[in-house]
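Structure first, commentary second.
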Amino acid sequence: MTFFTRLRWPLPLVSLCCVLLLMGCKKNLQELPAFTETKHWQAVVVTPAGSTLPQKYDALNNDFLPQIEAGQPRKLEFLPYPGNEGFIPSTLVDSVQGRPAAPLPVLVLCNTKEPGTVLEILPVGVLVLERDSELYHLLVAVPARPSEQTISPNSYSDFSARYPAVKKILEQWYLSENPRLPTRLMGWKDEQFAERLLQQWVK
1001 MTFFTRLRWP
1011 LPLVSLCCVL
1021 LLMGCKKNLQ
1031 ELPAFTETKH
1041 WQAVVVTPAG
1051 STLPQKYDAL
1061 NNDFLPQIEA
1071 GQPRKLEFLP
1081 YPGNEGFIPS
1091 TLVDSVQGRP
1101 AAPLPVLVLC
1111 NTKEPGTVLE
1121 ILPVGVLVLE
1131 RDSELYHLLV
1141 AVPARPSEQT
1151 ISPNSYSDFS
1161 ARYPAVKKIL
1171 EQWYLSENPR
1181 LPTRLMGWKD
1191 EQFAERLLQQ
1201 WVK
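Basically our numbering = 1-based index in the sequence shown + 1000.
Below, the structure is given as structure tokens:
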């Protein structure tokens, strides 16, 4: 005899309790460890590669929602996302413009991953932009598992030497994806800078 049977609760009420318990167990993805037991940094995917619908993560409800612009879900007026955009959990980047602090953004270059996918990653560089008069650091990475990689750079110099066209594509995409957000290219930094950036903003 189960606990619920002994209480003689109606079946619909038992089902509701189970759903609520499961919802309460869902982990806030922003609170996952920044790196795993194998010492790899990990990323949470928010907007999949190939999407034209930018999303955001609602940590309070552990849900993925569309970004809103002018009262409507935002849709890209440009090409789809060139990688899986998301964040590094357990990081928090302060804004100098008074905006709310947010996790360090990351772009994982690989096949499309669903929102909420957690991946071990290898940082290969940092794309530095100026957005609305504020520096924006985008960590660029590939999956740590070779089976999940579509390109396989092992460092920033390797990335630059073997995949210069990928760098150009990313530069042009981020300069063009939102015409209402003034954006300038400030350059690239290597994986050592990426590591220092991660250590700086980890909670």
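We treat Cβ as the ideally placed atom computed from N, Cα and C, and that holds for glycine.
Residue i lies in the alpha helix (DSSP H); which residues open and close that run?
i, result
"isoleucine 1169", "1164-1176"
"arginine 1184", "Per DSSP, arginine 1184 belongs to no alpha helix (DSSP H); it is in the beta strand (DSSP E), 1183-1189."
Going by beta-carbon coordinates alone, are residue i and residue j separated by less than 8 Å?
i, j, result
"tryptophan 1201", "leucine 1104", "yes"
"asparagine 1028", "asparagine 1084", "no"
"proline 1080", "arginine 1074", "no"
Starting from residue i, trace the beta strand (DSSP E) in both directions and tell me its first and last residue.
i, result
"arginine 1131", "1118-1131"
"glycine 1086", "1084-1087"
"tyrosine 1057", "1055-1058"
"tyrosine 1149", "Here residue 1149 turns out to be glutamine, not tyrosine, going by the sequence shown. Taken as a continuous stretch (DSSP letters only), glutamine 1149 belongs to no beta strand (DSSP E), as it is neither H nor E."
"glutamine 1042", "1041-1047"
"aspartate 1094", "Premise fails: aspartate 1094 is in no beta strand (DSSP E) and is neither H nor E."
Report the rounded CA-to-CA distance for residue i versus residue j, giving the unit in angstroms.
i, j, result
"leucine 1198", "proline 1115", "22 Å"
"threonine 1047", "threonine 1112", "9 Å"
"serine 1051", "proline 1082", "9 Å"
"serine 1155", "alanine 1194", "11 Å"
"glutamine 1072", "phenylalanine 1078", "17 Å"
Rounded to whole angstroms, how far is the Cβ of residue i from the Cβ of residue j, which I believe are closer than 8 Å?
i, j, result
"valine 1118", "leucine 1032", "7 Å"
"valine 1108", "alanine 1161", "About 21 Å separates the two Cβ atoms, so there is no contact after all."
By a C-beta neighbour count over all protein chains shown, 10 Å radius and 16 as the cutoff for buried, is residue i buried or exposed?
i, result
"glutamine 1192", "exposed"
"proline 1146", "exposed"
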